[in-house]
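In this note's numbering, the protein residues as written are 16 to 339.
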């Protein structure tokens, strides 16, 4: 019983590392600036005048010379009936921007705890028209952009109407905002890996990313971190041993072929090679468990983990053992 208790405590010790005192970190105050509200509040009968009035508040987005703006295109955007519907749903979902601001501040404070030299720029909310190319969060040198119309929980079946697959629209919920923000921070500041040489390296690379996301918001459930439904999350956890046995038994761990990557890392509604109940990207799921095991078994900080480039070393020192 003592051995079992010590083993369980060790396996969950990574959680203790993430339980940090972050509330004294910067920023102490943060307000997400509502570009969407300012833009859609303009009287379209006097659109140019209205844009001129808000330009000083949004220099990173509108510049300082109205001659450089496509006013007709901007007006067409805010008067498009479908975009207006999206905006109305967004205003209903995010009627209190302070709730969003508090969540964003929490992510930034966690980042500041680990990386005090990184200062996040001004953060704006906006309506993207659900732009697949840009995604829900964009980070530049001058600003962070949060596309709030990506977090409407498919109200009024809005994502169905644009043809978004359900496995993607399931992730478009308010709880995913901090996950998406943390992931974009990782991509902007920490993702230095090129193409992984084999499945094991890709697992560790993905595991590092998801562990970073969890560190930025430790309250996130695994289903949100990985983009699974609760039922899919349960399947992955119940079948972790089967997944790992399949990877090892089929000599996939050090493979680098397209088919192995497609099965383990390709996105989609499910992984047919395992079950129609199995979520996609099971390689990501296993990678996160390996990295968690590494962080539980070793006296390493998040900063140390981000600096490690020897993924074979992480794997060997993780002592990873899947749940039966």
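For glycine and all other residues, C-beta sits at the position ideal for the given N, C-alpha and C. Given the structure is predicted, the values throughout are model-derived calculations rather than measurements.
- Query: If we ignore side chains and look at the alpha-carbon of each, how far apart do residue 211 and residue 134 end up?
  - Reply: In a straight line, the C-alpha of residue 211 is about 30 Å away from that of residue 134.
- Identify whether residue 291 lies in helix, strand or coil by the three-state DSSP scheme. In the structure shown, residue 291 sits in coil (DSSP, three-state: anything other than H, G, I, E or B).
- Distance between residue 68 and residue 218 (C-alpha atoms, nearest Å): Taking the straight line from one Cα to the other gives about 50 Å.
- Residue nearest to residue 130 in terms of C-alpha spacing, selected from 104, 325, 312 and 205: 205
- Item | Uninterrupted beta strand (DSSP E) stretches inside the stretch 99-181 (no shorter than 3 residues) | 137-141, 152-154 and 158-162
- Message: Tell me which residue opens and which closes the alpha helix (DSSP H) that residue 272 is part of.
- Response: Membership of residue 272 in any alpha helix (DSSP H) is not indicated, and neither H nor E is assigned to it by DSSP.
- Message: Would residue 41 and residue 112 qualify as a contact pair, given that the criterion is a beta-carbon distance under 8 Å?
- Response: no
- Message: According to DSSP, simplified to helix, strand and coil, what is residue 48?
- Response: strand
- Message: For residue 332 and residue 304, I'd like the C-alpha separation in whole angstroms.
- Response: 13 Å
- To which residues of the same chain is residue 21 closer than 6 Å at the C-beta, ignoring the five residues directly before and after it? Here residue 21 scores only 41 on pLDDT, less than 50, and its place in the model is too uncertain to base an answer on.
- Hey, residue 114 and residue 54: beta-carbon distance below 8 Å or not? Against a cut-off of 8 Å, the Cβ pair of residue 54 and residue 114 comes out as no contact.
- Given residue 103 as reference, the closest of 194, 144 and 88 once Cα atoms are compared: 144
- Item | Bounding residues of the alpha helix (DSSP H) (the contiguous stretch that carries residue 264) | 255-264
- Task: Classify residue 286 as helix, strand or coil using the three-state DSSP reduction.
- Result: strand
- Query: Is residue 301 buried or exposed, if buried means 16 or more other CB atoms sit within 10 Å of its CB?
  - Reply: buried
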